[in-house]
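Engineer:
Residue numbers (the working numbering): 170 to 481.
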């Protein structure tokens, strides 16, 4: 009976491990698919613009062909009128000669009108070509900026991982996802229960974080405070978990700004309370993971925003 019970417990544990592993793989695949989709979307935009450019060239060639057809038709008419004029001269017919002259004048007026219309169409096509060329240049520039910012994020993650290596296993993680770098610090590294005063170990981690951020002036810094779903029972000056999460976020901001080379206008502080948990608050371990500070780092998107507006 003991052997059967032991075998059952082993099977349950193995099933749990497999589920966690499969979930991790699915989550990784989903993140990669989002990255691939964004890349394909950019590539599709570039192909669409290049297709429009080729369509313009096709229209230009058709216009030239129509112009040649028109000239051919007009030349044919002109030849017929000249032949009629020659016949009238041979017959010494003044009436026929006058009629021929009037037809020639009408033909000249028609030719001038058609040439004027073709010139207007050509000007419109040239304007369209210039606009397409400009849009292609802006898309190329947008792709270059995005690639540079992705490279910047990868380098930033690497620098942070090295600077914060000594805190590995102490509730601190560094991840890159969705075009941002996330530095997550569990409260056990930073605060005592119900407090927003940062402990000595947490101050060391924030100091190392500031050393990396002072070298990255073009990075927007969002500091979010998070709690679990346990009601706040501490200082009566605070209204609850949401208030506590804001206090903890601003405490991290104050520590970061002790480094005078970190730019204050790059920083935003926010409190999320219990409303953005990483995992369900179903156990003490999960609640510990949800009690955290997240420092979310992203390249400033001013250049990208301006280019996207220009493409509209």
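Here a beta-carbon is modelled for each residue, glycine too, at the ideal position from N, C-alpha and C.
Predicted model, so just to flag it, every value in this text is computed and none were measured.
Indicate the three-state DSSP secondary structure (helix, strand or coil) for residue 366 in the structure shown.
Structural biologist: Note: residue 366 maps to coil in three-state DSSP.
Engineer: In or out: residue 414 buried (at least 16 other Cβ within 10 Å) or exposed?
Structural biologist: Counting Cβ neighbours within 10 Å, residue 414 comes out buried, since at least 16 surround it.
Engineer: Rounded to a whole number of angstroms, what is the C-alpha to C-alpha distance between residue 391 and residue 378?
Structural biologist: When rounded, the distance between both Cα atoms is 13 Å.
Engineer: Got a sec? Which residues, its chain only, sit under 7 Å from residue 465 by beta carbon, not counting five neighbours each side?
Structural biologist: Answer for residue 465: 349, 351, 391 and 393, listed in chain order.
Engineer: Go ahead and pull the three-state DSSP assignment for residue 203.
Structural biologist: DSSP places residue 203 in helix when its eight states are reduced to three.
Engineer: Among 432, 347, 373 and 231, which residue has its Cα nearest to the Cα of residue 199?
Structural biologist: When each option's Cα is compared against that of residue 199, the closest is 347.
Engineer: Please work out which residues of its chain come closer than 6 Å, Cβ to Cβ, to residue 332, disregarding the five sequence neighbours upstream and downstream, and give them in chain order.
Structural biologist: Result list for residue 332: 377 and 381, in chain order.
Engineer: Counting along the chain, where does the beta strand (DSSP E) carrying residue 391 start and finish?
Structural biologist: Element bounds for residue 391: 388 to 395.
Engineer: Three-state secondary structure (DSSP) at residue 289?
Structural biologist: If DSSP states are grouped into helix, strand and coil, residue 289 belongs with the helices.
Engineer: DSSP three-state call for residue 534: helix, strand or coil?
Structural biologist: In this structure the chain extends from 170 to 481, so residue 534 is not present and cannot be described.
Engineer: Is residue 487 helix, strand or coil when you go by DSSP?
Structural biologist: Since the displayed the chain opens at 170 and closes at 481, residue 487 lies outside it and no answer follows.
Engineer: Do you know how far the Cα of residue 344 is from the Cα of residue 463?
Structural biologist: Straight-line Cα distance between these residues: approximately 11 Å.
Engineer: Give the secondary structure of residue 384 by DSSP, where H, G and I count as helix, E and B as strand, and everything else as coil.
Structural biologist: In this structure, residue 384 counts as coil in the three-state DSSP scheme.
Engineer: Given that a residue counts as buried once 16 or more other Cβ atoms are within 10 Å of its Cβ, and exposed if not, what is residue 322?
Structural biologist: Flag for residue 322 reads buried.
Engineer: Looking at the structure shown, is residue 434 part of a helix, part of a strand, or coil, going by DSSP?
Structural biologist: Here residue 434 sits in helix by DSSP.
Engineer: Judging by CA-CA distance, which residue of 222, 335 and 461 is the nearest neighbour of residue 373?
Structural biologist: Here the closest residue by C-alpha is 335.
Engineer: Which residue marks the beginning of the alpha helix (DSSP H) containing residue 445, and which one marks its end?
Structural biologist: Element bounds for residue 445: n/a, residue is neither H nor E.
Engineer: With DSSP as the reference, label residue 404 as helix, strand or coil.
Structural biologist: Here residue 404 sits in coil by DSSP.
Engineer: Report the option in 230, 397, 316 and 222 whose CA atom is closest to the CA atom of residue 452.
Structural biologist: The shortest Cα separation from residue 452 among 230, 397, 316 and 222 belongs to 397.
Engineer: Return the Cβ separation of residue 419 and residue 389 in integer angstroms, given the expectation that the two are a contact with Cβ distance under 8 Å.
Structural biologist: Their Cβ separation, rounded to whole angstroms, is 17 Å, which puts residue 419 and residue 389 out of contact at 8 Å.
Engineer: Helix or strand or just coil, what does DSSP make of residue 440?
Structural biologist: DSSP places residue 440 in strand when its eight states are reduced to three.
Engineer: Counting along the chain, where does the beta strand (DSSP E) carrying residue 346 start and finish?
Structural biologist: Taken as a continuous stretch (DSSP letters only), the beta strand (DSSP E) holding residue 346 covers 341 to 346.
Engineer: From the DSSP output, in three-state form, read off residue 461 for me.
Structural biologist: If DSSP states are grouped into helix, strand and coil, residue 461 belongs with the strands.
Engineer: Is it true that the CB of residue 341 sits closer than 8 Å to the CB of residue 358?
Structural biologist: In contact: residue 358 and residue 341 (Cβ atoms closer than 8 Å).
Engineer: With distances taken Cα to Cα, identify the nearest neighbour of residue 445 among 459, 237, 234 and 275.
Structural biologist: Out of 459, 237, 234 and 275, 459 has the C-alpha closest to the C-alpha of residue 445.
Engineer: What residues are listed by DSSP as bridge partners for residue 354?
Structural biologist: According to DSSP, which records beta bridges pairwise, residue 354 is partnered with 341 and 462.
Engineer: Based on Cα-Cα distance, which residue from 383, 285 and 360 lies nearest to residue 430?
Structural biologist: Looking at the Cα atoms, 383 is the closest of the given residues.
Engineer: Are the C-beta of residue 325 and some C-beta of chain D separated by less than 8 Å?
Structural biologist: No chain D is present in this structure, which holds just one protein chain.
Engineer: For residue 280 and residue 221, what's the separation of their Cα atoms in angstroms?
Structural biologist: Distance between the alpha carbons of residue 280 and residue 221 is about 31 Å.
Engineer: In the DSSP assignment, find the unbroken alpha helix (DSSP H) run with residue 413 in it and report its ends.
Structural biologist: Note, residue 413: alpha helix (DSSP H), 410 to 425.
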